[in-house]
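Working notes, beginning with the structure itself.
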Amino acid sequence: MRESSSRSTARTRRGFLALAGTGALGATAGCLDISGVRNALTGDTSGREEYTVGMIQSESGSLAAFGRRNERGLRNALTAINAVGIGEGSDPLVVELENDDSTPAGGVDAAERLVDQVEVPLLVGSIGSGVTQAIHEDVVSGSDVVQISQHSTSAALSELSALNRTAPSGTALGAALANLVADGDYESVAVTSIENGYGNSLSSVFRSAYDGEIAYEGTHPQGGESFVDELEAMRASGADAWLFVTYGSEFATMVTEAYERGYHQEVDYFGAESTLAESVLANTPEGSQESLVGVTQSAPVEQESYQRFSDEFRSIWGQDPSVWAAYSYDAVTLAAIAIEAAESFTGPAISDVVRDVTRPEGETVFSFEEAKRVLQNGGTAADVNYEGVSGPLDLDENGDPQGFYQVFEVEDHQYEFTDFITG
1 MRESSSRSTA RTRRGFLALA GTGALGATAG CLDISGVRNA LTGDTSGREE YTVGMIQSES
61 GSLAAFGRRN ERGLRNALTA INAVGIGEGS DPLVVELEND DSTPAGGVDA AERLVDQVEV
121 PLLVGSIGSG VTQAIHEDVV SGSDVVQISQ HSTSAALSEL SALNRTAPSG TALGAALANL
181 VADGDYESVA VTSIENGYGN SLSSVFRSAY DGEIAYEGTH PQGGESFVDE LEAMRASGAD
241 AWLFVTYGSE FATMVTEAYE RGYHQEVDYF GAESTLAESV LANTPEGSQE SLVGVTQSAP
301 VEQESYQRFS DEFRSIWGQD PSVWAAYSYD AVTLAAIAIE AAESFTGPAI SDVVRDVTRP
361 EGETVFSFEE AKRVLQNGGT AADVNYEGVS GPLDLDENGD PQGFYQVFEV EDHQYEFTDF
421 ITG
């Protein structure tokens, strides 16, 4: 039985209720039935230990749409984990949630609160690659805290060898984008990328993989209110294909401004996963992005564990999950399995096992409950192979999983999905 680090009752209870309160607000706004999830979070825990970890999400700012989707995956994971409980006492996992406002500075502030005040041994976070990198370099690096990013895809994050993530690196994504543009036989491409770690990394991968002419390559600010100057520069380059490496809110503004000027009739659009969001469709005119083709991360939808996750998600939230919700589910479940396998509830002990429980040499499990059964029956971390609902993790020496991708396009102002790619 692992030893637990000491934490005050007031501190863990505050985090426990903070997460439940966020869910209640979300339910009101979205008219969703989350009673089962709320009960799992706020049930009677008297006389039981609470294993508190931190999670950093984007509840506001450019990535808020992703944050809302991710939080639903978190709640599904907590429901499954706490139905079983951690250790012999079946104690609950508690997540103290903090908002990073979609900015590196906000992420660092949130991480410092969780590490210094709540004293969590493990952080799940964050969404934006630049935010995740700032958290790791400014807070996690040099400490005993374990970090698992649930969303960040920048290829540059592979250089942070102590960082773990359940979303795959953008290396394969950038190469797939390059192949898509090359298959279109365009004379040249104009690229605009958002000024942060995500934009810099993915545009760099694209540049290295693309053999054609790049007529224009520029950047644009995160959170900008207008991008007319950038669009004018792309048009002046004469490129007949435009690649947007940006976030959803910025892309919606760009697409709308290009549509108002008739540019959408002159060129074809390409984009990656962050241009794909229902909020983009809701905030752009119909017909404004009918030429858009892109590549996004995808889950192995034929896998039985994903289908179970999808059914459970739909029964609670009334809609299908995104792959980002699956990544979040896996990040929280991986954290719980590592805590169960660790000799103590400390960062170093969790770090020793967090990658081992994803190795294919172990017994394949698809849930926390299955993993706990192996560990309670005398197994060690090496005897567990957690294959997540987002696909096999098998975290490599850089903490990266393999990835599944899918091509998407816009038709009649709706997303259509076509070919799968494995990277």
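All residue numbers for the sequence shown refer to UniProt numbering, where the first residue is 1 and numbers rise by one.
Heads up, the beta-carbon is just placed ideally off N, CA and C, and yes, glycines get one too.
Straight-line gap, residue i to residue j (C-alpha atoms, nearest Å)
i, j, result
"Leu177", "Gly403", "15 Å"
"Ala182", "Val53", "45 Å"
"Tyr415", "Phe408", "7 Å"
"Val410", "Met254", "16 Å"
"Arg113", "Leu123", "11 Å"
"Glu369", "Ala341", "13 Å"
"Ala291", "His264", "It should be noted that the sequence gives Ser, not Ala, for residue 291. Their backbone Cα atoms lie some 8 Å apart in a straight line."
"Ser288", "Ser208", "29 Å"
"Gly262", "Leu173", "29 Å"
"Glu232", "Val115", "45 Å"
"Val353", "Gly85", "19 Å"
"Asp100", "Ser126", "8 Å"
"Gly212", "Trp242", "13 Å"
"Trp317", "Leu281", "20 Å"
"Arg235", "Pro285", "20 Å"
"Tyr51", "Ser305", "26 Å"
"Glu49", "Val365", "25 Å"
"Val293", "Lys372", "42 Å"
"Ala167", "Gln117", "28 Å"
"Ala175", "Asn377", "44 Å"
"residue 426", "Glu119", "No answer is possible for residue 426: the residues shown for the chain start at 1 and end at 423."
"Gln303", "Ala335", "22 Å"
"Gln307", "Val323", "12 Å"
"Ser169", "Pro401", "8 Å"
"residue 506", "His413", "Since the first residue shown for the chain is 1 and the last is 423, residue 506 is missing from the structure and cannot be characterised."
"Thr380", "Gly362", "9 Å"
"Gln406", "Leu163", "25 Å"
Cβ pair residue i, residue j closer than 8 Å
i, j, result
"Ser226", "Gly248", "no"
"Ile56", "Gly107", "yes"
"Gly238", "Ala215", "yes"
"Asn76", "Phe313", "yes"
"Val267", "Val191", "no"
"Pro121", "Ile350", "yes"
"Gly399", "Arg355", "yes"
"Ala80", "Ser367", "yes"
"Ser203", "Leu157", "no"
"Val189", "Ala155", "no"
"Asp144", "Thr418", "no"
"Ala326", "Ser390", "yes"
"Val139", "Ala111", "yes"
"Phe251", "Leu180", "no"
"Ser58", "Ser102", "yes"
"Thr132", "Ser152", "yes"
"Ser193", "Thr219", "yes"
"Asp240", "Glu187", "yes"
"Ser60", "Glu397", "no"
"Pro104", "Ala134", "yes"
"Pro221", "Glu195", "yes"
Unbroken alpha helix (DSSP H) run spanning residue i, endpoints
i, result
"Leu395", "Counting along the chain, Leu395 falls outside any alpha helix (DSSP H), and DSSP gives it neither H nor E."
"Glu278", "278-282"
Start and end residues, beta strand (DSSP E) containing residue i
i, result
"Leu97", "93-99"
"Phe270", "268-271"
"Gly388", "384-388"
"Tyr263", "Element bounds for Tyr263: n/a, residue is neither H nor E."
"Ser154", "Segment: none, Ser154 is in no beta strand (DSSP E) and carries neither H nor E."
"Val145", "From DSSP, Val145 is part of no beta strand (DSSP E); its letter is neither H nor E."
"Ala241", "241-245"
"Gln406", "404-411"
Minimum Cβ-Cβ distance from residue i to chain C less than 8 Å
i, result
"Val145", "As a matter of chain content, chain C is missing from the structure shown, which is built from one protein chain."
**Report entry** Given 8 Å, three or more beta-carbon pairs between the segment 298-314 and the segment 62-69
**Finding:** no
Query raised in the report: Enumerated in chain order, which unbroken segments of the alpha helix (DSSP H) with a length of 4 residues or greater are wholly contained in the segment 288-369?
Result: 304-317, 323-341, 347-353
**Report entry** Unbroken stretches of the beta strand (DSSP E), 3 residues or longer, contained in the segment 157-229
**Finding:** 189-194, 214-220
Requested in this report: Return the chain-ordered ranges of every beta strand (DSSP E) run that is complete within the segment 53-141 and spans a minimum of 3 residues.
Outcome: 93-99, 122-124
Query raised in the report: Counting pairs of beta carbons, one from the segment 383-401 and one from the segment 330-348, are three or more of them closer than 8 Å?
Result: Counting Cβ pairs under 8 Å, three or more are found: they touch.
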